[in-house]
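First residue of the sequence shown: 1431, per my numbering; consecutive thereafter.
Think of the CB as a built atom: it goes at the ideal place given N, C-alpha and C, for glycine as much as any other residue.
Please read all numbers here as calculations on a predicted model, not as lab measurements.
Below: one structure, written as C-alpha cells.
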Amino acid sequence: MSLEFTFPRVDVSTVVYSVSRLEDISVSPDMLVVDSEVMRLHGNRLPLCSHVVEIPGGEAGKTPAAVEKLWLEMSRAKLRRDSRVVVAGGGTVCDLAAFAASTWKRGVNLTLVPTTLLCMVDASLGGKTAVNIAGEKNQAGTVYPASEVVICPEFLKTLPPVETANGIAEAFKTAVIGDRQIVDFLKRKDYLQAVPACLAVKGRIVSADLEETGERRLLNLGHTTGHCIEAVSGFTVGHGAAVAMGIPIAAEIGGNHSFAEELREVAGSLGIETAVPSSITLKEVLKHLDSDKKTTGRGRIWIVPRAWENCEQVVLDPDSERKLLEKVWQ
Ligand SMILES: NC(=O)c1ccc[n+]([C@@H]2O[C@H](COP(=O)([O-])OP(=O)(O)OC[C@H]3O[C@@H](n4cnc5c(N)ncnc54)[C@H](O)[C@@H]3O)[C@@H](O)[C@H]2O)c1
1431 MSLEFTFPRV DVSTVVYSVS RLEDISVSPD MLVVDSEVMR LHGNRLPLCS
1481 HVVEIPGGEA GKTPAAVEKL WLEMSRAKLR RDSRVVVAGG GTVCDLAAFA
1531 ASTWKRGVNL TLVPTTLLCM VDASLGGKTA VNIAGEKNQA GTVYPASEVV
1581 ICPEFLKTLP PVETANGIAE AFKTAVIGDR QIVDFLKRKD YLQAVPACLA
1631 VKGRIVSADL EETGERRLLN LGHTTGHCIE AVSGFTVGHG AAVAMGIPIA
1681 AEIGGNHSFA EELREVAGSL GIETAVPSSI TLKEVLKHLD SDKKTTGRGR
1731 IWIVPRAWEN CEQVVLDPDS ERKLLEKVWQ
C-alpha cells in the first residue's frame, strides 16, 4: 500500500506506506517516542535512535505533564526545526507526542508508526493532535499532519483482543460514513484491506477540510456521546468501543430507529457491543456533554447517520437535545 494525501490549505502532504516486517521500517529518527508496551514487545526490532523516550500508552497519560516531559527531552536532544520525531504507538501516544512535536520549535518533522488497529485505521491520519485536560477528552490540541505514516501489520499480532475490538469499532464508524465494503473486510478479519479502505475514506474527507469547518465533522459520528461514555466510565470503556455505542444513539437522535437497529445488528455481527453499560447514566453523560467541541452558539452539531455512506450534520438546541437523549436512554 502507498497512498498520498495533500492538504492544500497548509501546503502539506502525508505519505502512507506499508511494510510487512518491522525491520523494514526505514526511518531515521532524531528522537523516537515509543509506547512502553510496544518497546517491551518490539523494541529490539524498532529503528535505532540515540534519543528514545518511552511513554505509557492509555488515556491517563495523555496529559499536559507528559507533553512537558517530552519538550524537556526534545530540549536535551537539541532537536531543531529540521529534526525528525518518529512516534510508535497507539492513538494516545501518537496524539500526545504529535502535539509535542507540532509545538516544539513550532513544528518538527513527524513520522507516525501506528501500532494499534485503531491508530492504523484512523488516528494516524488527518493531523489532529491532543491532550486531555481535567479528565475531559482532547481539550487542547493542534492540527499538524505527519509527513509520513508507516503501517506495519506485524504490530497487530501482539495487540490484546480488547484493543483489536476498539479498532474494529472505529473502522465500523468509517464504514458507516463512507464505505460499506469495510464491513465485509472486517467480517473476514482482513485488516490488510480494511486499513487502506478506512484511510481512503478519512483521507478524502480530511484533504478537503483539514480544519474541520464542514465535512470533516462527519468523522465525529458517534463521538458526541462516545467521549462522554469514555469519560463517565473513567476510561474503562475504550475510545473505539464508546464511539460504536454512540453510533446507533446518533441514528435514534435523528429519528431513524430502523437504521439504528440495523447498525446494532451489523455491529453485533462484528462482535461490537453497542449497548451502553447501565452504570453510565444520562445524568452523568449530560454533565460531560458541554465540553464537546462541536458546541456552537446555536446548539450542538450532531452527526446523524441516515443510511450507509449518508450522514448529516444536525444542530440541536440544549432543550431538544436533552428530550431526545431522555427518549433514547430509557
Ligand atoms: N488524532 C485522531 O484523529 C484520533 C482519531 C481517533 C482516535 N484518537 C485517539 O486515539 C486514542 C485511542 O487510541 P488506541 O485505541 O490506539 O489506544 P492506546 O493508544 O491507549 O493503546 C491501547 C493499548 O494498547 C497498547 N498497545 C499499543 N500497541 C500495541 C501492540 N502492538 N501490542 C500490544 N499492545 C499495544 C498500549 O500500550 C495501550 O495499553 C484516544 O485517545 C483517541 O482520542 C485520535
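query: Are at least three pairs of beta-carbons, each pair with one atom in the region 1618–1637 and one in the region 1540–1554, less than 8 Å apart?
result: The region 1618–1637, when compared against the region 1540–1554, does touch it at the 8 Å Cβ threshold.
task: Please report how far the alpha carbon of L1509 lies from the alpha carbon of S1750, in whole angstroms.
output: Rounded to whole angstroms, L1509 to S1750 spans 51 Å at the Cα level.
query: By DSSP, does S1505 sit in helix, in strand, or in coil?
result: Three-state DSSP puts S1505 in a helix.
query: If we call anything under 8 Å between Cβ atoms a contact, is V1606 one with L1640?
result: No Cβ-Cβ contact shorter than 8 Å links V1606 with L1640.
query: By how many angstroms is the C-alpha of M1504 removed from the C-alpha of L1462?
result: C-alpha separation (whole angstroms): 10 Å.
- prompt: Can you tell me the Cα-Cα spacing of A1737 and D1620, whole angstroms?
  reply: The C-alpha of A1737 lies about 24 Å from the C-alpha of D1620.
field: Contiguous beta strand (DSSP E) assignments of at least 3 residues, all confined to the region 1557–1590
entry: Counting only runs of 3 or more, we get 1558–1563, 1566–1573, 1578–1581.
- request: List the whole-angstrom C-beta distance separating V1523 from D1465, where the pair is believed to meet the contact cut-off of C-beta under 8 Å.
  value: 5 Å between Cβ atoms; contact.
Cβ neighbour criterion (16 or more within 10 Å) applied to H1687: Answer is exposed; the Cβ neighbour count stays below 16.
query: In this structure, what does DSSP give as the bridge partners for T1444?
result: T1444 pairs with F1435.
query: Candidates R1646, L1589, S1637, E1645: which alpha carbon is nearest L1433's?
result: With respect to the C-alpha of L1433, the residue from R1646, L1589, S1637, E1645 having the closest C-alpha is S1637.
message: Out of G1597, S1480, R1647, which one is the CA nearest neighbour of G1701?
response: Among G1597, S1480, R1647, the Cα nearest to that of G1701 is on G1597.
task: Please report how far the alpha carbon of H1657 lies from the alpha carbon of A1507, in whole angstroms.
output: Each residue's Cα considered, the two are about 35 Å apart.
field: Among G1729, V1445, P1748, nearest to P1575 - alpha-carbon criterion
entry: Considering only alpha carbons, the answer is V1445.
- request: Give the range of the alpha helix (DSSP H) segment to which Q1623 is assigned.
  value: Its alpha helix (DSSP H) spans residues 1621–1638.
- prompt: Terminal residues of the continuous alpha helix (DSSP H) containing A1490?
  reply: For A1490, there is no enclosing alpha helix (DSSP H), since its DSSP letter is neither H nor E.
- prompt: How big is the Cα-Cα spacing for G1664 and W1759?
  reply: In a straight line, the C-alpha of G1664 is about 20 Å away from that of W1759.
message: For G1519, list the residues DSSP reports as bridge partners.
response: Answer is P1544.
query: M1675 lies in the beta strand (DSSP E); which residues open and close that run?
result: Under the DSSP assignment, M1675 falls outside any beta strand (DSSP E), being part of the alpha helix (DSSP H) whose first and last residues are 1669–1683.
Unbroken stretches of the beta strand (DSSP E), 3 residues or longer, contained in the region 1680–1755: List check, beta strand (DSSP E) in window: 1729–1737, 1740–1746.
- prompt: Can you give the Cα-Cα distance for V1745 and E1642, rounded to whole angstroms?
  reply: Taking the straight line from one Cα to the other gives about 16 Å.
task: Give the DSSP bridge partners of L1404, in chain order.
output: This structure leaves residue 1404 out entirely; the chain is present only between 1431 and 1760.
query: Since I1659 contacts A1680 with CB under 8 Å, what's their CB separation in whole angstroms?
result: With 8 Å as the limit, I1659 and A1680 do not qualify as a contact, their Cβ atoms being about 12 Å apart.
query: Which value, in whole angstroms, describes the spacing of the CA atoms of N1568 and N1740?
result: Straight-line Cα distance between these residues: approximately 26 Å.
field: Contact set for H1653: own chain, Cβ-Cβ below 7 Å, skip 5 residues either direction
entry: Scanning its chain for C-beta atoms nearer than 7 Å, with the 5 sequence neighbours on each side dropped, one finds around H1653 the residues V1673, G1676, in chain order.
query: At a cut-off of 7 Å, is D1512 close to ligand 1 when judged by its beta-carbon and the heavy atoms of the ligand?
result: D1512: no, Cβ never under 7 Å from ligand 1.
message: Going by beta-carbon coordinates alone, are V1580 and V1543 separated by less than 8 Å?
response: It is a contact, given that the beta carbons lie within the stated cut-off.
- request: Please name the residue in E1682, E1453, V1715 whose C-alpha comes closest to that of I1733.
  value: Of the candidates E1682, E1453, V1715, the one whose C-alpha sits nearest the C-alpha of I1733 is E1682.
L1693 versus G1519 - alpha carbon distance: Those two C-alpha atoms are separated by around 30 Å.
With 16 other Cβ atoms within 10 Å as the buried cut-off, status of E1453: So E1453 ends up on the exposed side.
- prompt: For T1436, which residues of its own chain have a beta-carbon under 7 Å away from its beta-carbon, when the five flanking residues on both sides are left out?
  reply: Taken in chain order, the residues that qualify are S1443, S1637.
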